[in-house]
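See below for the structure under consideration.
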Amino acid sequence: MNRPDAIRQPLAIALLTSVVLLLLILLHGSVPVGSTADMPLGAIIDRLFAAPVLLQLLRALVTLANAVLLSGLIVRYGLCPTRTYLPMPLYVLLSGLFLPTASASTLLIVLLLMLHLNRMTACFRRSYQFEHLFIASLYLGLTPMLSTAATPLLLSLAAALFLYRRTAREAIVALVGVALPTLFCSVIWWSTGADWNHLLLQWGTGLAATAVPDALPACTVSRIAALTLLGLCGVLLLLAILRLYRTLPALRPRPRSIYLHILWLMLCSAATLFCCPTRPEVAGTLAALPATVLITSYLTFHGRRYALTVYLLLIAVALIAFISPFVI
Numbered sequence: 030m031n032r033p034d035a036i037r038q039p040l041a042i043a044l045l046t047s048v049v050l051l052l053l054i055l056l057h058g059s060v061p062v063g064s065t066a067d068m069p070l071g072a073i074i075d076r077l078f079a080a081p082v083l084l085q086l087l088r089a090l091v092t093l094a095n096a097v098l099l100s101g102l103i104v105r106y107g108l109c110p111t112r113t114y115l116p117m118p119l120y121v122l123l124s125g126l127f128l129p130t131a132s133a134s135t136l137l138i139v140l141l142l143m144l145h146l147n148r149m150t151a152c153f154r155r156s157y158q159f160e161h162l163f164i165a166s167l168y169l170g171l172t173p174m175l176s177t178a179a180t181p182l183l184l185s186l187a188a189a190l191f192l193y194r195r196t197a198r199e200a201i202v203a204l205v206g207v208a209l210p211t212l213f214c215s216v217i218w219w220s221t222g223a224d225w226n227h228l229l230l231q232w233g234t235g236l237a238a239t240a241v242p243d244a245l246p247a248c249t250v251s252r253i254a255a256l257t258l259l260g261l262c263g264v265l266l267l268l269a270i271l272r273l274y275r276t277l278p279a280l281r282p283r284p285r286s287i288y289l290h291i292l293w294l295m296l297c298s299a300a301t302l303f304c305c306p307t308r309p310e311v312a313g314t315l316a317a318l319p320a321t322v323l324i325t326s327y328l329t330f331h332g333r334r335y336a337l338t339v340y341l342l343l344i345a346v347a348l349i350a351f352i353s354p355f356v357i
């Protein structure tokens, strides 16, 4: 008889768990009314997905796509000692705290960050990687056009260029890629009759916002369970960072560079909350990506029993948070 193993669970089980958790999250999730974006492009996208059905469908598709892409990235570059599909349900759990309050523009920011990470990690090679760098930078440059809260993510590009040992010519290509969306959007708005600096003014207005909403968005009915889940994830993340600090020198060059890039993305994701405190769901959904990688690495490092215990505890707390509205 096979023993339960959260680390080596089959793909079908991991995918089924992710889908069930995602459905529970979305069934009682609140839907934002109108647009919450502070940039013109983000406001347009929010209006396109204003219908609740379309918005919920987008939430489900983006979350599942990110979960699959993140799991594939971890396996492809050997970031964990064993092949595992644990990141899929783990990412749904982490992003689920803020997912029901995420607008369409927020979801696209998270998807763009995942696509950027996929392209950027492919740049750790001896040959020139102009194509990967340009597309990765283009993805990253699009994020501030959707919301000013994503502005700190641009700082991670300089760190990535250094960590992946890119040349000066490749850095110039990356800078062109990250600046192109702003230039393109500025030309479009100028052609409609707006001032050339319209986007820059909108960007400055968004950064100047100082209103701070409730500490925890209304993403779950059982707030105590949601706070408990958030606290558990925070403790696991701290332990994962401490373990990574001790084991980082022993890693191979590519995994070490990717982990350092992940830490930079974690820092930049946290900075989005201070950059734009009116959009806490952006910081929460963005931080779920690097946090999933770090926590997965931590759980696989400590073995089957420890990982299974923590995984079941997270699932139990999440079920209390997500099912309680239908029971109580």
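Here the sequence shown is numbered in the numbering used here, starting from 30 and rising by one per residue. Ideal Cβ positions, reconstructed from N, Cα and C, are used throughout, including at glycine. Bear in mind the structure is a predicted one, so any value in this text is a computation, not a measurement.
Q. Pairing CB atoms from the segment 339–347 with CB atoms from the segment 165–173, are three or more of them under 8 Å?
A. Judged by pairs of C-beta atoms under 8 Å, the segment 339–347 does not touch the segment 165–173, as fewer than three such pairs exist.
Q: Assign Ile217 to buried or exposed, taking buried as 16 or more other Cβ atoms, counted over all protein chains shown, within 10 Å of its Cβ.
A: On the sequence shown, position 188 is the one that residue 217 refers to. Exposed, because fewer than 16 other Cβ atoms sit within 10 Å of the Cβ of Ile217.
Q: Can you tell me which of the three DSSP states Gly107 falls into?
A: Indexing the sequence shown from 1 puts residue 107 at position 78. The answer is coil: DSSP assigns Gly107 none of H, G, I, E or B.
Q | Ala332 classed as buried or exposed, judged by whether at least 16 other C-beta atoms fall within 10 angstroms | A | What you label residue 332 is simply residue 303 of the sequence shown in a count that begins at 1. The sequence given here places Gly at residue 332; Ala does not occur at that position. It is exposed - the Cβ of Gly332 has fewer than 16 other Cβ atoms within 10 Å.
Q | Integer-rounded CB distance, given that Val322 should sit under 8 Å from Met99 | A | If you number the sequence shown from 1, residue 99 lands on position 70. If you number the sequence shown from 1, residue 322 lands on position 293. Before going further, note that residue 99 is Leu rather than Met in the sequence given. Sure, about 7 Å apart at Cβ, within 8 Å.
Q) Excluding the five sequence neighbours on either side, which residues of its own chain have a C-beta within less than 6 Å of the C-beta of Leu144, listed in chain order? A) One-based indexing of the sequence shown puts residue 144 at position 115. Taking Leu144 as the centre and dropping the five residues before and after it, the same chain places the C-beta of Tyr168 closer than 6 Å to its C-beta, in chain order.
Q.
Assuming Cys214 is part of the alpha helix (DSSP H), what are its boundary residues?
A. The residue given as residue 214 occupies position 185 in the sequence shown. Annotation: the continuous alpha helix (DSSP H) that includes Cys214 extends over Ala197 to Ser220.
Q) Gly206 to Ala79, Cα distance in whole Å? A) Residue 206 sits at position 177 when you count from the first residue of the sequence shown. Residue 79 sits at position 50 when you count from the first residue of the sequence shown. The straight-line gap from Cα to Cα measures roughly 30 Å.
Q. So Thr177 packs on Met68, CB below 8 Å; how close in whole Å?
A. Your numbering for residue 177 matches position 148 in the sequence shown. Your numbering for residue 68 matches position 39 in the sequence shown. Taking the Cβ atoms as the reference, Thr177 lies roughly 6 Å from Met68, within the contact range of under 8 Å.
Q. Run through DSSP, which three-state label would Ser176 get?
A. The residue you call residue 176 lines up with position 147 of the sequence shown. Coil.
Q: Look at the alpha carbon of Pro246 and the alpha carbon of Ile74, and state the distance between them as a whole number of angstroms.
A: Within the sequence shown, residue 246 is the residue found at index 217, counting from 1. Within the sequence shown, residue 74 is the residue found at index 45, counting from 1. Residue placement at Pro246 is flagged as unreliable, the pLDDT there being 44, under the threshold of 50; a coordinate-derived value is accordingly withheld.
Q: Identify, in the order they occur along the chain, each residue of the same chain with its Cβ nearer than 6 Å to the Cβ of Ala269, setting aside the five sequence neighbours on each side.
A: For the purposes of this step, residue 269 is taken as residue 240 along the sequence shown, with counting starting at 1. Exclusion of the five residues before and after Ala269 leaves Leu323, Ile324 and Tyr327 as the residues of its chain whose Cβ lies within less than 6 Å of its Cβ.
Q) Considering His331, what are the terminal residues of the alpha helix (DSSP H) in which it resides? A) If you number the sequence shown from 1, residue 331 lands on position 302. Premise fails: His331 is in no alpha helix (DSSP H) and is neither H nor E.
Q. Who are the near neighbours of Arg148 in its chain, counting only those whose CB is closer than 6 Å to its CB and skipping five residues on each side?
A. Taking the first residue of the sequence shown as position 1, residue 148 is located at position 119. Once the five neighbours on either side are set aside, the close Cβ partners of Arg148 are His161, Ile164 and Ala165.
Q) With respect to the alpha helix (DSSP H) encompassing Cys152, which residues constitute its N-terminal and C-terminal limits? A) Taking the first residue of the sequence shown as 1, we reach residue 152 at position 123. Note, Cys152: premise wrong, no alpha helix (DSSP H); not H, not E.
Q) For Ser326, which of helix, strand or coil comes out of DSSP? A) Against the sequence shown, residue 326 aligns to sequence position 297. Of the three classes helix, strand and coil, the one that applies to Ser326 here is helix, per DSSP.
Q. Excluding sequence positions up to five away, which residues of its chain have a Cβ less than 7 Å from the Cβ of Tyr120?
A. In the sequence shown, residue 120 corresponds to position 91, counting from 1. Taken in chain order, the residues that qualify are Asn95, Ala96, Leu99, Ala317 and Thr321.
Q: Can you have a look at Thr196 and say buried or exposed, based on whether 16 or more other CB atoms are within 10 angstroms of its CB?
A: Position 167 of the sequence shown, counting from 1, holds the residue named residue 196. Thr196 comes out exposed.
Q) So, is Tyr274 buried or exposed, given that buried needs 16 or more other C-beta atoms within 10 angstroms? A) Here residue 274 refers to the residue found at position 245 of the sequence shown. Classification for Tyr274: exposed.
**Q.** Leu146 - DSSP class collapsed to helix/strand/coil
**A.** The sequence position of residue 146 within the sequence shown is 117, counting from 1. It is helical.
Q: Output yes or no for whether 8 Å exceeds the beta carbon distance between Ile54 and Leu140.
A: As a working mapping, residue 54 is identified with position 25 in the sequence shown. As a working mapping, residue 140 is identified with position 111 in the sequence shown. Contact flag unset, no.
**Q.** Three-state secondary structure assigned by DSSP to Ala80
**A.** Residue 80 sits at position 51 when you count from the first residue of the sequence shown. In the structure shown, the three-state DSSP call for Ala80 is coil.
Q | For Thr120, the first and last residue of its enclosing alpha helix (DSSP H) | A | Position 91 of the sequence shown, counted from the first residue, corresponds to residue 120. According to the sequence provided, residue 120 is Tyr. The question's Thr does not apply to it. Residues Pro116 to Gly125.
Q: Could you pull the start and end residues of the alpha helix (DSSP H) that Ser47 belongs to?
A: Mapped onto the sequence shown, residue 47 falls at position 18. Counting along the chain, the alpha helix (DSSP H) containing Ser47 begins and ends at Leu40 to Leu56.
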